[in-house]
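Here the structure is laid out as structure tokens; the discussion comes afterwards.
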Amino acid sequence: MKTHWQILVVDDEEVMCESLAAWLREDGYSVDTASSGREGVEKAKGRDYAIYFVDLKMPGGMDGIETMMQIRRLHPEASIIIITAYATVDTAITAMKEGAQEYIVKPCNPEEISLLVNRIIKVKNLQRENTILRKKLSRQYVVGDVISKNAKMADILRLCHEIAGLRSTVLIQGESGTGKEMIARAIHHSGDRSSKPFVAVSCAALAETLLETELFGHEKGAFTGAGERKQGKFEMADGGTIFLDEIGDISPKVQVELLRVLQERSFYRVGGSQEVRVDARVVAATHVNLQQAVMEGKFREDLFYRLNVIQIQIPPLRDRREDIPLLAHHFLERLSHEMGKDIGDISEAALKLLMDYNWPGNVRELENAVERALVTTRGTELSEEDFSFLASNGAAKAWKPPAGMTLEEMEKLLIAATLERSQGNIKESATVLGIDRSTLYEKIKRYEIQR
Amino acid sequence: MKYLYVGATPEVERAAFGAMRDRVAAEFGVAVRQLELPAVDFAYDPGRGQYASIAVLEMLTRVCPPDGLKLLAVTGRDLYIPVLTFVFGQAQLDGRVAAVSLARLQQQFYGLPPNQEILVERACKEALHETGHTFGLVHCSDGKCAMALSTNVRQIDLKRNEFCAACSDQLRRRGKGVRI
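Chains as they are written, first to last, in the numbering used here: chain Z, 680 to 1130; chain U, 58 to 237.
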């Protein structure tokens, strides 16, 4: 796992600098060079390198020790190797005292440098793996962890920041795999409730009675098998956030009880007579259109308005294609670490394929696709062939008009769908359909299409 | 038509050189041409008693024929780069020229009786390794692959005289016309 690591070589002698850089590049590292201490420090300001090779004797008022001290001020954990042609015990002691990780005398045995670099990179890999695993374990995402350069997503993230400190209920809507839970966790961890629990409940996974006891807990003897009093998720989330995933799937009975909790901030355990007061912020999420569910009578209108205090609509991945390369590289970096594979990049052709794909499963599907490509790849970068399974998925789902449909029916459907997409905008729809406005008006009238 | 040139400096033992040329031709599958190269005395550093490989590579870029896709030079001189005590060879990564030194591949360098078979085996592996670099390959984590980093002859002896599947695959992609 070398490709992710960058090395900086600082030496005033060009031939020394370039030959070490070339040797390290053959080993697969990406290497920068600097011809003076000052230039080295400037480069270190731009990024933290995995290893710094710094020559001890450099002219221009900044020697190796001074350069090292300035780099360490910028990056206290920097691994710095001091190189010198004139080894004395004094300089070695000074270098080590000031925080050099190693001290080598040139010319140096290639085996020695190779072992040294490998040892440092091994530690860096472990440190990085540790950070990734910790984050994965605690899932303490903050708003800054959400990867996107899409304008709509930027608005969402700004909103998340603003509302993180409030206790208002949030309703997150978005297709499956768009990252609703991640946004919920980001809201929780970016606010002052972050030290308190974040409790996630998947409402779709549980039957009505089970969901009730899961959310509100039960008293001892409330039903057969209730041997002990049990705390519900609302009590567990006291002071923190409760995340109710797939809220659109809950039964009418639980809807009533939820409405009560949202209104009164209190509830009764199943089989209990004592009111329990909680201070839990509710963040709900759903992949179904709740407004439509309300219209169809499947979801209580009053509960919908209680939940819909702050609404976040996460766009599907196909509507923010500019994020695909960012996300793909992010998953590549994380997963190649987890899988111990030295894959540093994704080819242009492969990225184009990813950009063109429709991603019905959204970000989750993209993550899985990168993982699958990593498992099967044989090169040092992910190529178009590594993602060939997507092309076959796409082909299988290629749209075909239903059998037995007339041209008129087809036209009617297409006009209705285009109008819906443009939210009834005639000018936009006419442009998309390639006809003029008057023709569109005429067809709308003829086919009696609702706008 | 572009050729992969394999050249030798005057002091190089011809039997070993012939074997290296044939191995490169077989592995890379392109038309290989042989070239006589000048001595590398200009690169000699009396302080170190060795030859600067950077200067050798610079000379190679000048003498590489216009129809040369790559030029691999074989020399009997002990090569070095300033920061290291020695190198077995050096290449321009994803470039045009590379050099292999036979000096430290010989058993007699380590006080052992000469052994032509061992020399040829090591020389062929290093020829593949340095030529691989000119096609953009970096060191391979598979210790048995010809592209594995070797900092001593034991490591060269442990390698196989061929590329691993992943490196072959990359060569196929990067080589554009190179058959492996």
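Ideal placement from N, C-alpha and C gives every residue a C-beta, glycine not left out.
To the nearest whole angstrom, what separates the beta carbons of residue i and residue j, a pair I think is in contact under 8 Å?
i	j	result
D711 (chain Z)	K722 (chain Z)	6 Å
G927 (chain Z)	V962 (chain Z)	About 14 Å; that fails the 8 Å criterion.
V89 (chain U)	V81 (chain U)	6 Å
V131 (chain U)	M77 (chain U)	6 Å
V988 (chain Z)	T848 (chain Z)	5 Å
G725 (chain Z)	E745 (chain Z)	About 19 Å; that fails the 8 Å criterion.
L1032 (chain Z)	E1063 (chain Z)	6 Å
E187 (chain U)	L129 (chain U)	6 Å
V942 (chain Z)	R908 (chain Z)	Looking at the sequence provided, one finds Gln at residue 942 (chain Z) rather than Val. That belief does not hold up - the Cβ atoms of Q942 (chain Z) and R908 (chain Z) are roughly 25 Å apart, past 8 Å.
Within the continuous alpha helix (DSSP H) that includes residue i, where are the two ends?
i	result
G1040 (chain Z)	Note, G1040 (chain Z): premise wrong, no alpha helix (DSSP H); not H, not E.
Y1120 (chain Z)	R1116 to Y1126
D924 (chain Z)	No alpha helix (DSSP H) holds D924 (chain Z); the beta strand (DSSP E) holding it covers T920 to D924.
L687 (chain Z)	Segment Q685 to V689 is the beta strand (DSSP E) holding L687 (chain Z); no alpha helix (DSSP H) there.
R939 (chain Z)	P931 to E943
I835 (chain Z)	A830 to I842
G725 (chain Z)	G716 to G725
I862 (chain Z)	K859 to S869
S758 (chain Z)	Looking at the DSSP string, S758 (chain Z) is not in any alpha helix (DSSP H); the run it does join, the beta strand (DSSP E), is S758 to T763.
I744 (chain Z)	G743 to L753
Q970 (chain Z)	L969 to M974
I111 (chain U)	S110 to V120
L1014 (chain Z)	D1002 to E1017
At a Cβ threshold of 7 Å, is residue i touching chain U?
i	result
D706 (chain Z)	yes
P755 (chain Z)	no
S793 (chain Z)	yes
K785 (chain Z)	yes
P1081 (chain Z)	no
N646 (chain Z)	Chain Z is shown from 680 up to 1130; residue 646 (chain Z) falls before or after that span and cannot be answered.
A1077 (chain Z)	Its pLDDT being 48, under 50, A1077 (chain Z) is placed unreliably in this model, and the value from its coordinates should be taken loosely. Chain U, which has no Cβ nearer than 7 Å to the Cβ of A1077 (chain Z), makes this no.
How about residue i: is its C-beta nearer than 7 Å to some C-beta of chain Z?
i	result
P103 (chain U)	no
L141 (chain U)	yes
R217 (chain U)	no
H190 (chain U)	yes
L159 (chain U)	no
V154 (chain U)	no
A223 (chain U)	yes
I111 (chain U)	yes
Quick one: does the C-beta of residue i sit closer than 6 Å to a heavy atom of the ligand PLP?
i	result
A883 (chain Z)	For the ligand PLP, the structure offers nothing, since it holds no ligand at all.
Residues of chain Z with a CB under 7 Å from the CB of residue i: which are they?
i	result
D226 (chain U)	R1057 and G1058
L206 (chain U)	D706 and S793
Got a sec, what are the start and stop residues for the beta strand (DSSP E) residue i sits in?
i	result
R90 (chain U)	V89 to E93
A65 (chain U)	Y60 to A65
D711 (chain Z)	S709 to A713
Q992 (chain Z)	I989 to Q992
R960 (chain Z)	R960 to T965
V880 (chain Z)	F877 to S881
T132 (chain U)	G125 to T132
I730 (chain Z)	I730 to D734
Y984 (chain Z)	Looking at the DSSP string, Y984 (chain Z) is not in any beta strand (DSSP E); the run it does join, the alpha helix (DSSP H), is E980 to L986.
V157 (chain U)	V154 to S158
Taking CB distances under 7 Å as the criterion, tell me whether residue i reaches chain C.
i	result
L699 (chain Z)	Among the protein chains of the structure shown, namely Z and U, there is no chain C.
In chain U, what lies closer than 8 Å to residue i by C-beta?
i	result
D1136 (chain Z)	Lying outside 680 to 1130, the shown extent of chain Z, residue 1136 (chain Z) is not represented and no answer is given.
P789 (chain Z)	L141, T142, F143, V144 and T208
Going along chain U in order, which residues have a C-beta closer than 7 Å to the C-beta of residue i?
i	result
M695 (chain Z)	P139 and V140
Residue i versus chain U: which residues are under 9 Å apart at the beta carbon?
i	result
W702 (chain Z)	I138, V140, L141, V144 and Q147
Mind listing the chain Z neighbours of residue i? Cutoff is C-beta to C-beta under 8 Å, in chain order.
i	result
A180 (chain U)	Those do not exist, as A180 (chain U) stays about 18 Å from chain Z at its closest Cβ, beyond 8 Å.
R230 (chain U)	G1058 and S1062
Going along chain Z, which residues have a C-beta under 9 Å from residue i?
i	result
V195 (chain U)	K681, T682, R704, E705, D706, G707, Y708 and T1059
L150 (chain U)	A701, R704 and E705
Are at least three pairs of beta-carbons, each pair with one atom in the segment 872-882 of chain Z and one in the segment 905-923 of chain Z, less than 8 Å apart?
yes
With three or more beta-carbon pairs closer than 8 Å as the criterion, would you say the segment 1003-1019 of chain Z touches the segment 1048-1060 of chain Z?
yes
For the segment 746-764 of chain Z against the segment 779-789 of chain Z, are there 3 or more C-beta pairs whose distance is under 8 Å?
yes
Cβ contact check for the segment 148-165 of chain U and the segment 110-127 of chain U: 3 or more pairs under 8 Å:
yes
Could you tell me whether the segment 1008-1028 of chain Z touches the segment 832-846 of chain Z, where touching means 3 or more Cβ pairs closer than 8 Å?
no
Count Cβ pairs between the segment 135-150 of chain U and the segment 97-111 of chain U that sit closer than 8 Å; are there 3 or more?
yes
Taking three-plus beta-carbon pairs below 8 Å as touching, is the segment 980-998 of chain Z in contact with the segment 1018-1027 of chain Z?
no
Three-pair Cβ contact test at 8 Å for the segment 141-148 of chain U versus the segment 1106-1123 of chain Z:
no
Does the count of Cβ pairs from the segment 185-200 of chain U and the segment 217-234 of chain U closer than 8 Å reach three?
yes
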